[in-house]
Amino acid sequence: MSDSLTSHLAQLEKQRVDALLTVDTARFDALHDPAYQLCNPTGTVWDKAEYLRRLTSGQLVYSQLDTTSEIDVMASETLAVLRYRCLIALRIDGADVPTHECQYLDIYIRADDGQWRCRYSQATGIMDPTARG
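Residues in the sequence shown are numbered consecutively from 176, following this note's numbering.
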């Protein structure tokens, strides 16, 4: 895997995250595969249309998505896995979710047109070890 491909994929992920923060629907569409699915920290899976609907309706509003680690990239000619940590704060269905850290795992595929698009995302909340009962 070349350094240029690693850099390109990390940059695409930063653009994707920015599109979520700014609700840039054109960039969201361009950076997500038509069969995209998100598995959020609650275990709920949303497809691309549902995720976009929640963002554009204001049911889901990200106020913070700050990467706290390097974006680790493993890639082949047509498939890439990106993993990193992120501080996230959001409002969902009118309720604020306080800032917390998540581990993100994103799978990108290279489409027939040569463009890389995110196909799957998994956000796993990182538990505070002092909060265990």
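Even glycine gets a Cβ: it sits at the ideal position worked out from N, Cα and C. These numbers come from a predicted model, not from an experiment.
- Per DSSP, V198 lies in no beta strand (DSSP E) segment and is marked neither H nor E.
- Look at the stretch 221-280 and you find these whole runs of beta strand (DSSP E), each 3 residues long or longer: 235-242, 247-250, 254-267.
- According to DSSP, residue pairing for Y295 in a beta bridge involves Q212, I282.
- Of all alpha-carbon atoms in L187, P209, V220, the one lying nearest the alpha-carbon of Q297 is that of V220.
- The straight-line gap separating the alpha-carbon atoms of V236 and S251 is approximately 33 Å.
- If you check the CB distance, V192 and L240 come in under 8 Å.
- The beta-carbon separation of L184 and Y283, rounded to 6 Å, stays under the 8 Å limit for a contact.
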